[in-house]
Every structure is written in C-alpha cells, then in structure tokens.
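Asker: I have a structure here, written as structure tokens, and I will follow up with some questions on it.
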Amino acid sequence: MRIDRIEVRHVTMPLLYPWRTASHEISAIDSLLVRVTSGELEAWAESCPFGTPDYSPEYAAGAFAMLRDWLAPAVVGTGIDSGGLLQQRLSRFKGNYFAKATLDAAWWVLEARRVGHPLHTLLGGRRNRVEVGADFGVMDSLDDLVAAVDDAVRTGCRRVKLKFRPGWDLNMLEAVRSTFPDLTAHIDCNAAFRLSDLDLFRAVDRYELAMIEQP
Numbered sequence: 000m001r002i003d004r005i006e007v008r009h010v011t012m013p014l015l016y017p018w019r020t021a022s023h024e025i026s027a028i029d030s031l032l033v034r035v036t037s038g039e040l041e042a043w044a045e046s047c048p049f050g051t052p053d054y055s056p057e058y059a060a061g062a063f064a065m066l067r068d069w070l071a072p073a074v075v076g077t078g079i080d081s082g083g084l085l086q087q088r089l090s091r092f093k094g095n096y097f098a099k100a101t102l103d104a105a106w107w108v109l110e111a112r113r114v115g116h117p118l119h120t121l122l123g124g125r126r127n128r129v130e131v132g133a134d135f136g137v138m139d140s141l142d143d144l145v146a147a148v149d150d151a152v153r154t155g156c157r158r159v160k161l162k163f164r165p166g167w168d169l170n171m172l173e174a175v176r177s178t179f180p181d182l183t184a185h186i187d188c189n190a191a192f193r194l195s196d197l198d199l200f201r202a203v204d205r206y207e208l209a210m211i212e213q214p
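All the letters of the sequence shown, read from the start, carry residue numbers 0 to 214 under numbering that gives the first Met the number 0.
Below you can see the structure in the form of structure tokens.
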C-alpha cells in the first residue's frame with residue numbers, strides 16, 4: 000500500500016475542569032492528529048503527549064516537529080504492506096514513541112479500510128463488547144469526586160482509577176470505598192511517595208484495592 004500523503008496537526012483543547020495528579024495540574028490536552036492518504040483511502044489517528052517534557056521526554060511540540068520533519072518524510076511515497084515494515088522504516092529514528100504511535104495507528108486504520116474489515120478484527124479482536132473503567136484526578140472536594148464516580152458507575156463502569164497524593168489519600172479512599180464498597184478500584188500515585196511512607200500504604204490495605212500504581 001503506497002502512502003501518498005501525510006498531514007500533521009497539533010491542536011490544544013481546553014478541559015472542562017483541571018486534571019490534577021500528584022505531580023501535575025493540566026487545564027488543556029495537546030493532541031497530535033495525522034491524516035494519512037493512500038489513493039482514495041484516508042485514515043486519521045491521534046496521540047496525546049503532554050505539552051511539557053516533565054512527564055515523558057517527549058512533548059507535544061517536539062513530537063509534532065518529529066512527525067513533520069522526519070517520520071512523515073520517511074514514509075510518504077513508499078509502499079508499506081505491513082505494520083512490521085512500517086516499524087522497520089521508522090526504526091532508524093531513536094525513541095519518539097508518541098510520534099511513531101500516531102503513524103502506526105493511522106496505518107492500521109488505513110489497512111482496515113483497504114481490506115474492508117473492522118479494525119478490531121484485523122488486530123485479532125473477537126468481542127463486540129469490552130469492559131471499560133474511568134479515571135479520576137484530584138478534585139475540588141470529596142463530594143465532587145464521589146458524585147463523579149457515581150456518574151461513572153451508573154453508566155456501567157465497574158473499575159475506577161483514583162489519583163492519590165499527600166493530602167488526598169486515606170480520606171479520599173474512605174469517601175469512595177464507604178460509598179462504593181464493591182467497586183474495583185486502584186490508586187495511581189505518580190511517584191509522589193518515598194519509603195518513609197510505608198505506614199501510609201499499610202493503612203491503604205484495608206480498602207482492598209486492585210493495585211497500587213507507581214507509589
């Protein structure tokens with residue numbers, strides 16, 4: 000399949016409310032969008048590196064430049080007949096996984112359209128339903144969090160991930176677990192704690208979490 004054209008766009012979208020973690024507060028989401036064309040077929044794909052390089056070495060403006068100046072020119076005008084071949088073409092460029100993932104996703108969407116199969120079946124999927132969960136950052140109040148979790152549960156989510164940081168820790172878990180005693184939940188700490196905080200995590204055990212992510 001010959002890749003005729005690749006368009007790259009960087010857009011910033013404001014959030015309805017800030018996303019707060021132990022290490023960040025984000026009021027907008029940066030997205031990289033690519034449009035890949037092969038003959039009459041086209042596909043769009045997206046990846047979302049942070050706007051600043053303090054979460055990952057990659058950041059939105061840098062990944063945009065990488066796509067525009069290096070990755071797209073390496074692919075346009077060539078025949079790419081498999082996802083593996085695409086990875087080979089891009090392998091001489093080190094790192095830059097957010098940028099590469101955007102092209103990878105677009106190629107698979109394009110291939111699905113070329114062969115006339117749904118993308119999920121091309122990737123080996125067999126289900127027509129998948130279970131999903133919801134993630135929640137640090138909010139203005141515990142009441143706001145409980146209300147947001149309740150909305151997610153009512154829409155069918157059976158798993159939640161809760162951001163966890165000093166001052167938004169056991170009190171937060173108590174509020175959620177006392178309201179939703181049977182809900183599968185885990186916490187994401189974004190590396191905010193140290194070995195000196197082991198007693199805190201021992202206290203976490205009573206809330207019967209599925210896991211503790213990146214303490």
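From the three backbone atoms N, C-alpha and C, an ideal C-beta is built for every residue, glycine too.
#1: When burial is assigned at 16 or more other CB atoms within 10 Å of the CB, is R128 buried or exposed?
#2: Return the CA-CA distance between A202 and V35, expressed in angstroms with no decimal places.
#3: What is the C-beta distance between L31 and A59, in whole angstroms, given that I count them as a contact (C-beta under 8 Å)?
#4: Spatial neighbours of P48 within its chain, please: C-beta separation below 6 Å, excluding the five flanking residues on both sides.
#5: Going by alpha carbons, who is nearest to L161 out of K93, T183, G136?
#6: Looking at the structure shown, is P56 part of a helix, part of a strand, or coil, going by DSSP?
#7: Tell me the residue span of the beta strand (DSSP E) that contains P17.
#8: How is A42 classed by DSSP in three states: helix, strand or coil?
#9: Would the segment 192 to 206 and the segment 157 to 172 be scored as touching if the rule is three or more Cβ pairs under 8 Å?
#10: Rounding to the nearest angstrom, what Cα-Cα distance links A209 and R176 in this structure?
#11: Round the Cβ separation of T40 and R112 to the nearest angstrom and send it over; I've been treating them as touching at under 8 Å.
#12: Taking the runs of the alpha helix (DSSP H) that are 4 residues or longer, which of them lie wholly in the segment 40 to 120?
#13: Can you check whether the CB of A27 is closer than 7 Å to the CB of N189?
#14: What runs of the beta strand (DSSP E), each 3 residues or longer, lie entirely inside the segment 133 to 201?
#15: With 16 as the cutoff for other CB atoms within 10 Å, does K99 come out buried or exposed?
Answerer: Working from what's here:
#1: The residue given as residue 128 occupies position 129 in the sequence shown. Under a 10 Å Cβ-count criterion, R128 is classified as exposed, with fewer than 16 other Cβ atoms of the shown protein chains found around its own Cβ.
#2: Taking the first residue of the sequence shown as 1, we reach residue 202 at position 203. Taking the first residue of the sequence shown as 1, we reach residue 35 at position 36. Using only the alpha carbons, I get a separation of about 51 Å.
#3: Locating residue 31 in the sequence shown gives position 32, counting from the first residue. Locating residue 59 in the sequence shown gives position 60, counting from the first residue. About 7 Å; that satisfies the 8 Å criterion.
#4: Walking along the sequence shown from the start, residue 48 turns up at place 49. Excluding sequence neighbours, P48 sits near E57, Y58, A59, A62, F97.
#5: By one-based count along the sequence shown, residue 161 stands at place 162. Ranking the options by Cα distance to L161, first place goes to G136.
#6: By 1-based counting over the sequence shown, the position of residue 56 is 57. Three-state result, P56: coil.
#7: Working through the sequence shown from its first residue, we reach residue 17 at position 18. Note, P17: beta strand (DSSP E), 4 to 19.
#8: The residue given as residue 42 occupies position 43 in the sequence shown. A42 falls in the strand class under three-state DSSP.
#9: yes
#10: Here residue 209 is taken as the residue at index 210 of the sequence shown, counted from 1. Here residue 176 is taken as the residue at index 177 of the sequence shown, counted from 1. Spanning the two alpha carbons is a distance of roughly 12 Å.
#11: Along the sequence shown, one-based indexing puts residue 40 at 41. Along the sequence shown, one-based indexing puts residue 112 at 113. Before going further, note that residue 40 is Leu rather than Thr in the sequence given. Contact holds; Cβ gap of about 5 Å.
#12: List check, alpha helix (DSSP H) in window: 59 to 65, 71 to 74, 82 to 89, 96 to 114.
#13: Indexing the sequence shown from 1 puts residue 189 at position 190. Indexing the sequence shown from 1 puts residue 27 at position 28. No, these two residues do not count as a Cβ contact at 7 Å.
#14: 133 to 135, 158 to 162, 183 to 187
#15: Residue 99 sits at position 100 when you count from the first residue of the sequence shown. Buried.
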